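A.B. asks: Residues in the sequence shown are numbered from 1 upward in steps of one, following the UniProt record's numbering.
Positions of the beta carbon are idealized from the N, C-alpha and C atoms, including for glycine.
Since the structure is predicted, the reported quantities are computational estimates derived from the model, not experimental observations.
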Amino acid sequence: MPVILNIDTSTSVCSVALCNDGHCVMHREDYQGRNHATVLSLYIQDALAEAKDKQMPVDAIAVGIGPGSYTGLRIGLSEAKGLAYALKVPLIGVDTLQTLTVGVQFSDFFDPEVLFVPMIDARRMEVFSAVYDYALKPLMPGRPVIVEPGSYDEFLEQGPVIFFGDGADKTRPVLGGHPNANFITEIYPLAQNMMALSERAYRNGDFLDLAYSVPNYLKEFQATTPRKKV
Numbered sequence: 001m002p003v004i005l006n007i008d009t010s011t012s013v014c015s016v017a018l019c020n021d022g023h024c025v026m027h028r029e030d031y032q033g034r035n036h037a038t039v040l041s042l043y044i045q046d047a048l049a050e051a052k053d054k055q056m057p058v059d060a061i062a063v064g065i066g067p068g069s070y071t072g073l074r075i076g077l078s079e080a081k082g083l084a085y086a087l088k089v090p091l092i093g094v095d096t097l098q099t100l101t102v103g104v105q106f107s108d109f110f111d112p113e114v115l116f117v118p119m120i121d122a123r124r125m126e127v128f129s130a131v132y133d134y135a136l137k138p139l140m141p142g143r144p145v146i147v148e149p150g151s152y153d154e155f156l157e158q159g160p161v162i163f164f165g166d167g168a169d170k171t172r173p174v175l176g177g178h179p180n181a182n183f184i185t186e187i188y189p190l191a192q193n194m195m196a197l198s199e200r201a202y203r204n205g206d207f208l209d210l211a212y213s214v215p216n217y218l219k220e221f222q223a224t225t226p227r228k229k230v
């Protein structure tokens with residue numbers, strides 16, 4: 001099985017995991033959300049040192065490709081590209097919404113009938129979201145959603161639905177009245193949860209172009225100008 005260095009900086013959490021043969025050899029997470037660039041470099045150094053100590057040459061670099069924070073995604077992809085180029089190994093892009101979902105599926109209290117709705121916070125009542133079944137089949141592909149009453153009724157009427165991620169809590173007042181709506185807020189896309197996804201991509205030869213790959217923002221970046229104080 002391949003040795004893959006997984007990276008995610010798509011949200012306020014910066015994480016790195018060195019994985020091999022279905023196991024994470026090491027993983028690091030920073031929940032402060034203040035300086036992804038500095039923290040990421042240190043974590044990568046730790047991972048490469050671990051790989052060297054265990055005589056495990058890295059076969060690929062995997063990075064959370066989005067959606068998520070514009071700045072965070074750029075930092076992660078830039079670092080991953082440079083690392084893949086330096087090590088002469090392929091680069092893998094992993095969907096952040098799928099990584100979030102895998103993290104929830106590691107819990108023991110969900111049955112195969114549950115639908116999973118990862119939510120990454122965007123502006124106001126908007127989230128980046130998708131809907132997956134237990135096999136990670138997309139019933140609604142990833143897209144920006146302005147959450148309103150009835151936004152997910154099509155899925156809530158089918159049975160239990162889990163809303164989770166850093167965008168889920170703000171939607172609770174709108175969606176939480178439905179008896180099938182359940183919420184988990186303290187969960188983030190972590191590099192260690194990318195393992196199965198990145199290994200599958202490696203086996204399938206699903207690699208990114210080092211020169212031309214860009215993050216999956218799901219929407220155009222909108223710069224804002226601070227208002228002048230009166």
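Locate the beta strand (DSSP E) running through Arg-143, then write down its first and last residues.
C.D. replies: 138–146
A.B. asks: Taking Lys-219 as the reference, give the member of Ser-69, Leu-139 and Met-140 with the closest Cα.
C.D. replies: Ser-69
A.B. asks: Just the Cα atoms here: how many angstroms apart are Thr-11 and Glu-186?
C.D. replies: 13 Å
A.B. asks: Would DSSP call Gly-103 helix, strand or coil?
C.D. replies: helix
A.B. asks: Can you give the Cα-Cα distance for Cys-14 and Val-102, rounded to whole angstroms?
C.D. replies: 17 Å
A.B. asks: Answer with buried or exposed for Asn-35, where buried requires no fewer than 16 other C-beta atoms within 10 angstroms of its C-beta.
C.D. replies: exposed
A.B. asks: When you compare the CB positions of Phe-106 and Asn-6, do they come within less than 9 Å of one another, or not?
C.D. replies: no
A.B. asks: Quick check: what's the CA-CA separation for Ile-162 versus Thr-99?
C.D. replies: Cα-Cα distance, rounded: 15 Å.
A.B. asks: With 16 other CB atoms within 10 Å as the buried threshold, where does Glu-79 fall?
C.D. replies: buried
A.B. asks: Applying the criterion that 16 or more other CB atoms from any shown protein chain within 10 Å of the CB defines a buried residue, is Val-63 buried or exposed?
C.D. replies: By the neighbour-count definition (other C-beta atoms within 10 Å, threshold 16), Val-63 is a buried residue.
A.B. asks: Specify the secondary structure class of Phe-221 as computed by DSSP and reduced to three states.
C.D. replies: Legend: pLDDT at Phe-221 = 48, less than 50; position of this residue unreliable, no value from coordinates given.
A.B. asks: In whole angstroms, what separates the C-alpha of Thr-96 from that of Phe-116?
C.D. replies: 14 Å
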